[in-house]
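The structure appears below as structure tokens.
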Amino acid sequence: MSVMLAFFFAGYFVLGGLDYGVAVMGRDRSDLDRVAPFFLGNEVWLVAAVGVLFGAFPLNEGELLSQQRVPVAVALAGVVMVTASYGLRLYSNALRTANRPQSRPAHTRVAGPDVRGGSASLGGTPTAGPLDGVARIGGALAALGWGAALAGIWQGGDFRVTPLVGAGAFGFLALLSLHGWAFLRRRWLVFGGTTAAIVAYTLAAGTAPAWHAADSATLALVGPTVYVLLPILLLAQAATWWMFRARHHREASVAG
28 MSVMLAFFFA
38 GYFVLGGLDY
48 GVAVMGRDRS
58 DLDRVAPFFL
68 GNEVWLVAAV
78 GVLFGAFPLN
88 EGELLSQQRV
98 PVAVALAGVV
108 MVTASYGLRL
118 YSNALRTANR
128 PQSRPAHTRV
138 AGPDVRGGSA
148 SLGGTPTAGP
158 LDGVARIGGA
168 LAALGWGAAL
178 AGIWQGGDFR
188 VTPLVGAGAF
198 GFLALLSLHG
208 WAFLRRRWLV
218 FGGTTAAIVA
228 YTLAAGTAPA
238 WHAADSATLA
248 LVGPTVYVLL
258 PILLLAQAAT
268 WWMFRARHHR
278 EASVAG
């Protein structure tokens, strides 16, 4: 089960880290829009990883979350900010599509938030700040928080700010930023390198704690559930990337 835990967390940091890297490195709304269709599927890996941690390693779950509560709280705050930004973008894009003149008569169009240019509006009146900035700050917080948490796990004991933790946090921010940039610019060799580095960093942190699995009765329940859900998750992820790959390639070519 420890292999499955490592797999889910590595998958989350590779795919969720892509969301945060694009949020930090995106130059404009079109860059963020290109990763938005993948966002929810990418974030599901966090739910799966935490589910395996809670179910199969309850002692480690309590210990790690207690010791690393500060960086984890920072990371989750960033995740919420990025999630809200991408969610509003998807909602606004759907409204704009529904309200196109050729799609619906004028009297049936739906009023709702609009985030063109990075700001939300209702009926043309701004109602929120630039979502580009929210996404960028959220992506940076998520990367810094997760990087500090992984370094803190490697360091051991209760979380404390040390040169190792600082290097881990800012190094992870730089790594995820490069990861997002490579995706946006279709630099697949670089993307492969950043993927390998993210996996290596995650696995290195995971070797530090002594893992204590749950009792056999609990594992007998958790194990089959994980093995059934894993292929479903992989198929859904593959289908999402297959459906939106052409759009990403087209928009990347336009962006140059």
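This note's numbering numbers the first residue of the sequence shown as 28 and each following residue consecutively. Think of the CB as a built atom: it goes at the ideal place given N, C-alpha and C, for glycine as much as any other residue. Just so we're clear, the structure is a prediction, and the values are computed from it rather than from any experiment.
Here Leu177 is not near Gly166, since their CB atoms are 8 angstroms or more apart.
A direct Cα-to-Cα measurement between Arg96 and Ile259 gives close to 31 angstroms.
Around the Cβ of Gly183, a 10 Å sphere holds fewer than 16 other Cβ atoms; the residue is exposed.
The beta carbon of His239 sits closer than 7 angstroms to the beta carbons of Phe84, Leu86 and Asn87 from its chain, once the five residues preceding and following it are set aside; these are given in chain order.
Contact check for Ala104 and Leu168: beta-carbon distance about 6 angstroms, within the 8 angstroms limit, so the pair qualifies. Leu91 and Thr267 have their C-alpha atoms roughly 32 angstroms apart. Taken through DSSP and simplified to helix, strand or coil, Gln264 comes out as helix.
Under the three-state reduction of DSSP output, Gln95 falls in the coil class, being neither helix nor strand.
Between Val62 and Val49 the beta-carbon gap is near 4 angstroms, inside 8 angstroms, which marks them as a contact. DSSP places Met31 in the uninterrupted alpha helix (DSSP H) bounded by Ser29 to Met52.
The beta carbons of Leu202 and Met52 sit no closer together than 8 angstroms.
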